[in-house]
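Enquirer: Below: one structure in structure tokens.
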Amino acid sequence: MTAHCLRTINSGLELHLNPITWRNWPESCAFVCAMNTRPIGILTAVLLILVVTAATANSQALLQSNRSARQMDTISDLKVKGRAYYHIAGLGSSEGDFVGAFPRPTAVLQVLDTINTRIAVRFPELGLLGLREDTAWMPSFYVGDSLRGFVSKTPLLSLSFPKTQYFVFIDVWSRDGRLLDSRPVEYDMNVEKYRSAKLAYYHEPTSGLGNETLRRRFIPTLLPLTLEANPGWGSTETLDSSGTYALTFRDPRQPTRLELSVTLRPALVGKIDSEMWKNFKMKAELAFGAKGIAVSSENDFNVHDSVTHRFIREGFEFVARNQDSTLEYVAAFLTPRAILLLLAPFNQPNQQLEYDYFREIARSFKLD
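According to our numbering, the sequence shown is numbered sequentially starting from 229.
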């Protein structure tokens, strides 16, 4: 299976402007490999059910309290606080360099003292699950002698429409390495034009399919978690602007047959208590029909990696029976920021061997 390459030269910038005059930065072009894949509709619907279950009423209050704790400044605040070092010309987003790209947060600053100070802009909560932070130590572009544009390398993948609340940290350093000033600045990013944003990546098998139960570490492009999978499988990653992520594995010899899938959708879960966990498990089983078959008396489990266990707080597994009597292994996970679902159909004659194989894969997730 071959990936298709797309090319565009329509890069641009959208900013909240101050009176300082701004014009679009120069166009550029880049290449990206993307692949058209069919959406996993049923898993998306299941995730929506689980997200609604996990997103409790106090989730928004949790978000607001976290933002309040950061003591955000606005652009008007910095007219006084930051005036000794810089003026903000605009905060917004740069378009990516290819079709379907997600926004890259951007800050345009008028730096007042380039001899004695150095500006760095930090862009938090980037990538899938918002676990990455980029620091721009050097401008990505210049306008005139004093305007400098700082752009994150990693796109912002968690969007809310039509505007997304975002913030950057602006740090001022002396030339001898002393931190002179550091402030978070919040703004509303206009993301309406990114509603059709979509990413897709295809990964070729890394070996032949000689052993049906072989497991090796697989590193996705978008998901900040690695897992073990059969190196003989090919895989496809997709992400759309709603935040729904899917990773599917297939045998290249039988490309229409699903071997295993991982699906993720953002959800502000907050604190996971026993009552929430009980309700979540009930909804997970109901989402796959009333014919779910318990595989043990407890069904709860943890990932093997102790560091990752701090992020993937709880795991729950069961076997679901489909209407045609085929069986599927299902593992559902709760994290503070997302619902994660692993599904694997039983395709081999030895179902006990497959079950043990899928259980090990479910426990192999590790923060990258």
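In this text, a Cβ means the ideal position worked out from N, Cα and C, and glycines have one as well.
Measuring CB to CB, does residue 460 end up less than 8 angstroms from residue 475?
Expert: Against a cut-off of 8 angstroms, the Cβ pair of residue 475 and residue 460 comes out as no contact.
Enquirer: With a CB to CB cut of under 6 angstroms and the five nearest residues on each side skipped, what residues in its chain are close to residue 454?
Expert: These residues qualify, in order along the chain: 445, 447, 594, 596.
Enquirer: By the 10 Å Cβ neighbour count, where 16 or more other Cβ atoms means buried, how is residue 509 classified, buried or exposed?
Expert: Burial call: buried.
Enquirer: How is residue 490 classed by DSSP in three states: helix, strand or coil?
Expert: Residue state, collapsed to three classes: strand.
Enquirer: For the beta strand (DSSP E) that contains residue 568, what are its first and last residues?
Expert: It spans 566–573 - the beta strand (DSSP E) in which residue 568 sits, taken as one unbroken run.
Enquirer: Among residues of its own chain, excluding the 5 on either side of residue 488, which ones have a beta-carbon nearer than 6 angstroms to its beta-carbon?
Expert: Cβ neighbours of residue 488 beyond the five flanking positions: 477, 572.
Enquirer: Using the Cα positions of residue 427 and residue 468, report the straight-line distance between them to the nearest angstrom.
Expert: Distance between the alpha carbons of residue 427 and residue 468 is about 7 angstroms.
Enquirer: Could you tell me the alpha carbon to alpha carbon distance between residue 314 and residue 450, rounded to whole angstroms?
Expert: Rounded to the nearest angstrom, the two C-alpha atoms are 35 angstroms apart.
Enquirer: Output the boundary residues of the beta strand (DSSP E) element that contains residue 537.
Expert: No beta strand (DSSP E) holds residue 537; the alpha helix (DSSP H) holding it covers 534–537.
Enquirer: Quick one: any contact between the region 575–584 and the region 527–534, if contact means 3 or more CB pairs under 8 angstroms?
Expert: No contact exists between the region 575–584 and the region 527–534.
Enquirer: Can you tell which of 341, 387, 382 has its C-alpha closest to the C-alpha of residue 361?
Expert: Nearest C-alpha to residue 361: 382.
Enquirer: Consult DSSP for residue 318 and reduce its assignment to one of helix, strand or coil.
Expert: Three-state DSSP puts residue 318 in a strand.
Enquirer: Report the CB separation of residue 332 from residue 371 in whole angstroms; it is logged as a contact under 8 angstroms.
Expert: Not a contact, Cβ separation roughly 17 angstroms.
Enquirer: Where does residue 502 fall in DSSP's three states?
Expert: Three-state result, residue 502: helix.
Enquirer: State the start and end residues of the unbroken beta strand (DSSP E) segment that holds residue 348.
Expert: Residue 348 -> beta strand (DSSP E) spans 345–354.
Enquirer: Quick one: give me the first and last residue of the alpha helix (DSSP H) that residue 589 is part of.
Expert: That run of the alpha helix (DSSP H) goes 579–590.
Enquirer: Since residue 447 sits in a beta bridge, which residues does DSSP pair it with?
Expert: Bridge partners of residue 447: none, in fact.
Enquirer: Are there 16 or more other CB atoms within 10 angstroms of the CB of residue 389, so buried, or fewer, so exposed?
Expert: Residue 389 comes out exposed.
Enquirer: Tell me whether residue 310 sits in a helix, a strand or coil according to DSSP, three-state version.
Expert: Residue placement at residue 310 cannot be trusted, given a pLDDT of 49 that sits under 50; the coordinates are not used to answer.
Enquirer: Considering residue 418, what are the terminal residues of the beta strand (DSSP E) in which it resides?
Expert: Here the beta strand (DSSP E) through residue 418 covers 407–418.
Enquirer: Let me know the secondary structure DSSP gives residue 358 once reduced to three states.
Expert: Of the three classes helix, strand and coil, the one that applies to residue 358 here is helix, per DSSP.
Enquirer: Sorted by chain position, which residues of the same chain lie with C-beta nearer than 7 angstroms to residue 440's C-beta, five sequence neighbours on each side aside?
Expert: Correct list, in chain order: 576.
Enquirer: Is residue 546 helix, strand or coil by DSSP?
Expert: Residue 546: strand per DSSP, three-state reduction.
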